[in-house]
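Okay, so here's the structure we're looking at.
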Amino acid sequence: MNDIATGDASYVIGRKGTGKTALVQYLSDTSSTDLHVSKLTFKNFPFNELYSQGNDSYRRPNQYITIWKLIIYSAACKLIARSSKCDPLTRDRILKAFPNPDGDNLGTIIGQWISGDFGINVLGTGINISKWFKEKKKTTIQEKVENLEQFVVKNIPNQTFLVLFDELDEDYKDIFETYNKSEYLDLLTSLFKAVQDVRSITKEHRLYPVVFLRDDIYDLLQDPDKNKWRDFQVDLEWTPESMKGLLSHRLAKAIGKQSDDFDCLWYSIFNRGAVRYSDGKKTTRSFDYITMSTQGRPRDYINYLRECAALELKRSRREISAETIKDADKLYSNYLRKELIDEIHGIIPDIGKVLSIFSETRKWILSIDEFKKAYDERVQAGGVQIKDVDMVLKTLFYFSIIGNVVRVGVHIFRHVRPEAELNFKEKIVVHRGLMKSLQII
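Residue numbers are given in the working numbering: position 299 of the sequence shown equals residue 291, and the series is strictly consecutive.
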């Protein structure tokens, strides 16, 4: 969060459920006299509005850079108008050019800019927004954006201005068939490059556009400048220790205690008894047992704890017992399965049918050939759309649905080792958190 506020981070990359939107919301809620934040969300956004605004003077995938810069500078103008250091005449010009929309949804804002016929007199040039989009000569649009750019550089106060782009995965569900040629990926690549451009132009000022994006979508973006993006990239990753810090904070708030001692807070709601697993042959602490079923994301832990609390409230209404933790495992497993299907269906539309392979084999460890044989049978029967079984296996590994078996008792999952890649020479193992929902155990 500090990297975002100081301009050291322009791209925040992380899996679904790792806290991207939480960061956006927190920064938006903590706006102050020196920190001005514009939160632009793509949820339910009509992407066709942006696809139709491509600049033909640019080659793919750069054709949307102009429209993104328009959005960034327009959002910046709105923020400048809110600043107490903004000149009153400048504020009046901005408010006339950008009247308040009906909401902060990006679709609402852009829709108003496209359909509206209000004049902009930012530089005394009488720019008309509606004509920007109706002009057949795209270079004219570029010139207008350059004028707006000059206005922002000239009038931005000595404060911090954040323009945050969130929930960019709304159009992801439609790209699986042609993802290498997708307009959607071109649109996102243009956004990353527009952010680069704005940073270089406003480097003497604190205007920081920031993109929050899922890591699986980010990995699909291909561009010669991608290495340059890494200088301003932050990956959201969680360790068991950082997760304990998050849970300590959440539990302290829920219980009403002023403490950051994890064990003290954890065992104020959990029984201290060990939890048995592996047919009762092994035992472990309750936190470690829960960790084995999660994929290490805040959302996973919070959902597991909610299931535990709901069950125990129906039982003793006292500390959460080891038996309740194990019973909640099945409820959590159903949640995790649904969560992963929602996350992956944009790449594998038949992900539910793919997961059923594990249910039918009733195995949690199997060979690559065994999986391929079962998958090919579904392809021949027309039960699945994607014929490339290697691509399916790589995707399952990418999202930690499966891992590699290195040796007995040693498994590699990508959520633990993000740099790992699927080894086709080793057996695969189903993630423990999915076993009960897949009826393997």
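We put the beta carbon where it would ideally sit given N, CA and C, even for glycine. Keep in mind it's a predicted model, so treat the numbers as computed, not measured.
- Item | Short Cβ contact (9 angstroms threshold) for Y296 with V190 | As a first step, residue 296 is located in the sequence shown; it is residue number 304 there, counting from the start. As a first step, residue 190 is located in the sequence shown; it is residue number 198 there, counting from the start. Contact: no.
- Item | Sequence-distant residues of the same chain with beta carbon closer than 6 angstroms to I343, five excluded per side | Here residue 343 refers to the residue found at position 351 of the sequence shown. Same-chain partners within the cutoff: I333, I336, H337.
- Item | Validate contact between the stretch 345 to 364 and the stretch 414 to 421 using beta carbons, cut 8 angstroms, 3 pairs | yes
- So, is K273 buried or exposed, given that buried needs 16 or more other C-beta atoms within 10 angstroms? For the purposes of this step, residue 273 is taken as the residue at position 281 of the sequence shown. The residue is exposed, with fewer than 16 neighbouring Cβ atoms inside 10 Å.
- Message: Checking 9 angstroms against the spacing of the C-beta atoms, do V155 and L199 come in under that value?
- Response: As a working mapping, residue 155 is identified with position 163 in the sequence shown. As a working mapping, residue 199 is identified with position 207 in the sequence shown. Contact flag set, yes.
- Please check the pair V346 and V371, which I expect to be a contact at CB under 8 angstroms, by giving their CB distance rounded to whole angstroms. In the sequence shown, residue 346 corresponds to position 354, counting from 1. In the sequence shown, residue 371 corresponds to position 379, counting from 1. No, V346 and V371 are not in contact; Cβ-Cβ is about 11 angstroms, not under 8 angstroms.
- If we count the other Cβ atoms within 10 Å of its Cβ and call it buried at 16 or more, is P290 buried or exposed? Your numbering for residue 290 matches position 298 in the sequence shown. Burial call: buried.
- Query: In or out: Y281 buried (at least 16 other Cβ within 10 Å) or exposed?
  - Reply: Working through the sequence shown from its first residue, we reach residue 281 at position 289. Burial call: buried.
- Task: Decide yes or no for the touch test of the stretch 207 to 227 against the stretch 5 to 25: beta carbon pairs closer than 8 angstroms, at least 3 of them.
- Result: yes
- Out of curiosity, what's the CA-to-CA distance linking G111 and Q214? Counting from 1 along the sequence shown, the entry for residue 111 is found at position 119. Counting from 1 along the sequence shown, the entry for residue 214 is found at position 222. Note that G111 has pLDDT 38, beneath the 50 cutoff, so the model's placement of it is unreliable and the number below is only indicative. Distance between the alpha carbons of G111 and Q214 is about 38 angstroms.
- Measure the C-alpha to C-alpha separation of T286 and I404 and round it to an integer number of angstroms. Along the sequence shown, one-based indexing puts residue 286 at 294. Along the sequence shown, one-based indexing puts residue 404 at 412. Each residue's alpha carbon lies about 14 angstroms from the other.
- Message: Counting beta carbon pairs with one atom in the stretch 54 to 62 and one in the stretch 216 to 236, are three or more of them shorter than 8 angstroms?
- Response: no
- Inter-residue spacing [alpha-carbon to alpha-carbon] between E362 and L388: Residue mapping note: residue 362 aligns to position 370 of the sequence shown, counting from 1. Residue mapping note: residue 388 aligns to position 396 of the sequence shown, counting from 1. Spanning the two alpha carbons is a distance of roughly 15 angstroms.
- Task: Could you give the DSSP three-state label for S348: helix, strand or coil?
- Result: Residue mapping note: residue 348 aligns to position 356 of the sequence shown, counting from 1. Helix.
- Message: For E352 and D321, what's the separation of their Cα atoms in angstroms?
- Response: In the sequence shown, residue 352 corresponds to position 360, counting from 1. In the sequence shown, residue 321 corresponds to position 329, counting from 1. About 21 angstroms.
- Please list, in chain order, all residues of the same chain as A366 whose beta carbon is under 8 angstroms from its beta carbon, the five residues on each side excluded. Within the sequence shown, residue 366 is the residue found at index 374, counting from 1. Within the same chain, A366 has close Cβ partners I349, E352, T353.
- Query: With distances taken between CB atoms, is the gap from L71 to F143 smaller than 9 angstroms?
  - Reply: Reading the sequence shown from its first residue, position 79 is the one you call residue 71. Reading the sequence shown from its first residue, position 151 is the one you call residue 143. Result no, Cβ atoms of L71 and F143 do not sit closer than 9 angstroms.
- Message: Can you tell me which residues form a DSSP beta bridge with S30?
- Response: For the purposes of this step, residue 30 is taken as the residue at position 38 of the sequence shown. BP columns for S30 point to V155.
- Message: Once the 5 residues before and after M(-7) are set aside, which same chain residues still bring their CB inside 8 angstroms of it?
- Response: Numbered from its first residue, the sequence shown carries residue -7 at position 1. Same-chain partners within the cutoff: L15, Y18, L19.
- In terms of alpha-carbon separation, which member of V29, D211, H407, L183 lies closest to C69? On the sequence shown, residue 69 is found 77 positions in, with the first residue counted as 1. For the residues V29, D211, H407, L183, the minimum Cα distance to C69 belongs to V29.
- Item | Simplified DSSP assignment, three categories, for P80 | Along the sequence shown, one-based indexing puts residue 80 at 88. Looking at P80 - three-state DSSP - the assignment turns out to be helix.
- Message: Judging by CA-CA distance, which residue of T275, E311, S240 is the nearest neighbour of N263?
- Response: Numbered from 1 along the sequence shown, position 271 holds the residue referred to as residue 263. Closest option to N263, Cα to Cα, is E311.
- Nearest residue (CA-CA) to C78, options S23, F34, N147: Counting from 1 along the sequence shown, the entry for residue 78 is found at position 86. Answer by Cα proximity: N147.
- Query: In angstroms, rounded to a whole number, what distance separates the CA positions of E141 and I317?
  - Reply: Here residue 141 refers to the residue found at position 149 when the sequence shown is read from its first residue. Here residue 317 refers to the residue found at position 325 when the sequence shown is read from its first residue. Roughly 56 angstroms between the two C-alpha positions.
- Taking the Cβ atom as the reference point for each residue, do T13 and W230 lie within a distance shorter than 9 angstroms? Indexing the sequence shown from 1 puts residue 13 at position 21. Indexing the sequence shown from 1 puts residue 230 at position 238. Cβ distance not < 9 angstroms, so T13 and W230 don't count as in contact.
- Run of the alpha helix (DSSP H) containing I64, from where it starts to where it stops: Here residue 64 is taken as the residue at index 72 of the sequence shown, counted from 1. Unbroken alpha helix (DSSP H) run through I64: 57 to 74.
- Item | Given V398 as reference, the closest of H407, N415, D382, Y390 once Cα atoms are compared | Mapped onto the sequence shown, residue 398 falls at position 406. Of the candidates H407, N415, D382, Y390, the one whose C-alpha sits nearest the C-alpha of V398 is N415.
- Message: So if DSSP puts N396 in a beta bridge, which residue, or which two residues, is it bridged to?
- Response: Stepping through the sequence shown from its first residue, residue 396 is reached at position 404. In the DSSP output, where bridge partners are listed per residue, N396 has I404, I420.
- Beta-carbon gap between T283 and M235 smaller than 9 angstroms: Here the question's residue 283 lines up with position 291 in the sequence shown. Here the question's residue 235 lines up with position 243 in the sequence shown. Contact: yes.
- How many Å lie between F254 and L239 at the Cα? Position 262 of the sequence shown, counted from the start, is the residue given in the question as residue 254. Position 247 of the sequence shown, counted from the start, is the residue given in the question as residue 239. Straight-line Cα distance between these residues: approximately 8 angstroms.
- Item | CB of L305 within 9 angstroms of CB of D319, strictly | Here residue 305 refers to the residue found at position 313 of the sequence shown. Here residue 319 refers to the residue found at position 327 of the sequence shown. In this structure, D319 does not lie closer than 9 angstroms to L305 by Cβ.
- Is the distance from the Cβ of L32 to the Cβ of A67 below 9 angstroms? Along the sequence shown, one-based indexing puts residue 32 at 40. Along the sequence shown, one-based indexing puts residue 67 at 75. Contact: yes.
- Task: Keeping to the same chain, check which residues put their C-beta closer than 7 angstroms to that of L426; ignore five residues upstream and five downstream.
- Result: Reading the sequence shown from its first residue, position 434 is the one you call residue 426. Closer than 7 angstroms at the Cβ level, and outside the excluded window around L426, lie S325, L328, R329, I393.
- Query: Rounded to a whole number of angstroms, what is the C-alpha to C-alpha distance between L257 and A412?
  - Reply: Here the question's residue 257 lines up with position 265 in the sequence shown. Here the question's residue 412 lines up with position 420 in the sequence shown. Distance between the alpha carbons of L257 and A412 is about 34 angstroms.
- What did DSSP end up calling Q372 once you bin it into helix, strand or coil? In the sequence shown, counting from the first residue as 1, residue 372 sits at position 380. Helix.
- Which runs of the alpha helix (DSSP H) fall wholly inside the stretch 205 to 292 and span at least 4 residues, in chain order? 207 to 210, 218 to 221, 232 to 247, 254 to 258, 278 to 285
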